[in-house]
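Worksheet: the structure to be examined is printed underneath.
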Amino acid sequence: MMEENNSKKVLLSVLGVAILVVAVVGVSFAAFSFANTPSANNSITTGTITMSFSEETAGISITNADPVADATAKVDKTANHYFDFTVSRKTDAALKVPYEISISEGSMGEGETKLPTEYVTVYLTKVNGETETAVVEPTKLNTLIVDSNKSNLNKTTAYKLYEVNDAATTHTGTAENYRLRMWVNTDAQFTTDGAPGTLNSNTKYAYRLTVNVNSQVNALGK
């Protein structure tokens with residue numbers, strides 16, 4: 001009888017572990033990324049996190065642009081010189097939603113040459129009304145960490161830009177507004193013959209970025 005009881009205890013223990021494993025594996029993973037979408041007021045939703053934007057494309061590009069000083073580019077509000085987007089989080093009380101903003105290299109158009117990444121600067125701010133707060137200071141693209149997983153998935157180069165890892169906070173409904181700027185920095189020097197260390201002024205240089213938001217939903221903040 002004692003052996004039978006012990007067997008039942010072992011069986012219950014095994015079942016308990018199995019249920020725990022299923023519960024852990026069952027924690028949802030919500031991740032998404034997307035390329036340009038030719039319509040306005042777009043949004044992509046996982047059920048817990050949404051990225052929305054009002055522009056026609058989910059990104060930003062520069063073509064045949066002149067070098068600009070960081071101080072000037074940071075406050076530039078010229079149309080098409082920045083990309084605004086909103087990340088909204090909505091979960092029940094038991095979920096935490098950290099997320100990461102990454103940027104992926106886009107394709108060049110016909111007759112365009114990709115601008116070397118050391119001459120491309122990006123700048124990310126959080127927007128609250130008319131106030132902007134820098135969350136990523138002006139940074140050369142070639143100094144950002146390459147996200148190999150997203151690069152392989154999207155078959156293009158993806159860079160980690162900004163991470164929100166506030167897993168200690170429960171989000172029942174929050175939204176963060178961001179503004180991404182990109183420009184040709186003053187390290188770029190143009191000459192008519194494209195001498196070593198310079199860019200050829202007769203070449204049509206361009207660079208395109210697509211914004212991605214990826215999120216992992218953690219039950220009970222674990």
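Heads up: the sequence shown begins at 1 in my numbering, then just goes up one per residue.
Glycine is no exception: its CB is placed at the ideal position from the N, C-alpha and C atoms.
Looking only at its chain, what residues have a beta carbon closer than 6 Å to the beta carbon of residue i, apart from the 5 residues adjacent to it on each side?
{"i": "Ser-88", "result": "Thr-50, Ala-175"}
{"i": "Arg-208", "result": "Ser-61, Gly-106"}
{"i": "Ala-134", "result": "Thr-125"}
{"i": "Lys-160", "result": "Ser-102, Ile-145, Asp-147"}
{"i": "Tyr-82", "result": "Arg-179, Arg-181"}
{"i": "Thr-210", "result": "Ala-35, Ala-58, Gly-59, Ser-104, Gly-106"}
{"i": "Ala-23", "result": "In this predicted model, Ala-23 has a pLDDT of only 30, less than 50, meaning its place in the structure is not dependable; the value taken from the coordinates is given anyway. Closer than 6 Å at the Cβ level, and outside the excluded window around Ala-23, lies no residue."}
{"i": "Thr-86", "result": "Ser-52, Ala-175, Asn-177"}
{"i": "Asp-70", "result": "Pro-138"}
{"i": "Thr-203", "result": "Thr-113"}
So, at 8 Å on beta carbons, what are the nonlocal neighbours of residue i in its own chain, with the 5 sequence-adjacent residues on each side left out?
{"i": "Asp-193", "result": "Asn-200"}
{"i": "Ala-206", "result": "Ser-61, Ile-62, Thr-63, Asn-64, Met-108, Gly-109, Glu-112, Thr-113, Lys-114, Leu-115"}
{"i": "Asp-66", "result": "Val-184"}
{"i": "Gly-197", "result": "Gln-189"}
When DSSP builds the beta bridges, which residues end up paired with residue i?
{"i": "Ser-148", "result": "Note: Ser-148 sits in no beta bridge, so no partner."}
{"i": "Leu-124", "result": "Val-136, Leu-180"}
{"i": "Tyr-99", "result": "Val-164, Ser-215"}
Can you name the start and end residues of the alpha helix (DSSP H) that residue i belongs to?
{"i": "Thr-72", "result": "70-73"}
From the DSSP output, in three-state form, read off residue i for me.
{"i": "Glu-130", "result": "coil"}
{"i": "Glu-163", "result": "strand"}
{"i": "Asn-80", "result": "coil"}
{"i": "Leu-199", "result": "strand"}
{"i": "Leu-209", "result": "strand"}
{"i": "Thr-191", "result": "strand"}
{"i": "Ser-215", "result": "strand"}
{"i": "Thr-113", "result": "strand"}
If I follow the unbroken beta strand (DSSP E) through residue i, where does it start and stop?
{"i": "Val-249", "result": "This structure cannot settle anything about residue 249, because the visible part of the chain is limited to 1 through 222."}
{"i": "Gly-59", "result": "59-63"}
{"i": "Ser-107", "result": "Looking at the DSSP string, Ser-107 is not in any beta strand (DSSP E), and its letter there is neither H nor E."}
Which word fits residue i, buried or exposed, when buried means at least 16 other C-beta atoms lie within 10 angstroms of its C-beta?
{"i": "Ile-101", "result": "buried"}
{"i": "Pro-98", "result": "buried"}
{"i": "Val-122", "result": "buried"}
{"i": "Thr-91", "result": "buried"}
{"i": "Lys-77", "result": "exposed"}
{"i": "Val-75", "result": "exposed"}
{"i": "Asn-212", "result": "buried"}
Which same chain residues, not among the five before or five after residue i, have their C-beta less than 7 Å away from its C-beta?
{"i": "Asp-187", "result": "Glu-118, Tyr-119"}
{"i": "Asn-142", "result": "Thr-117, Glu-118"}
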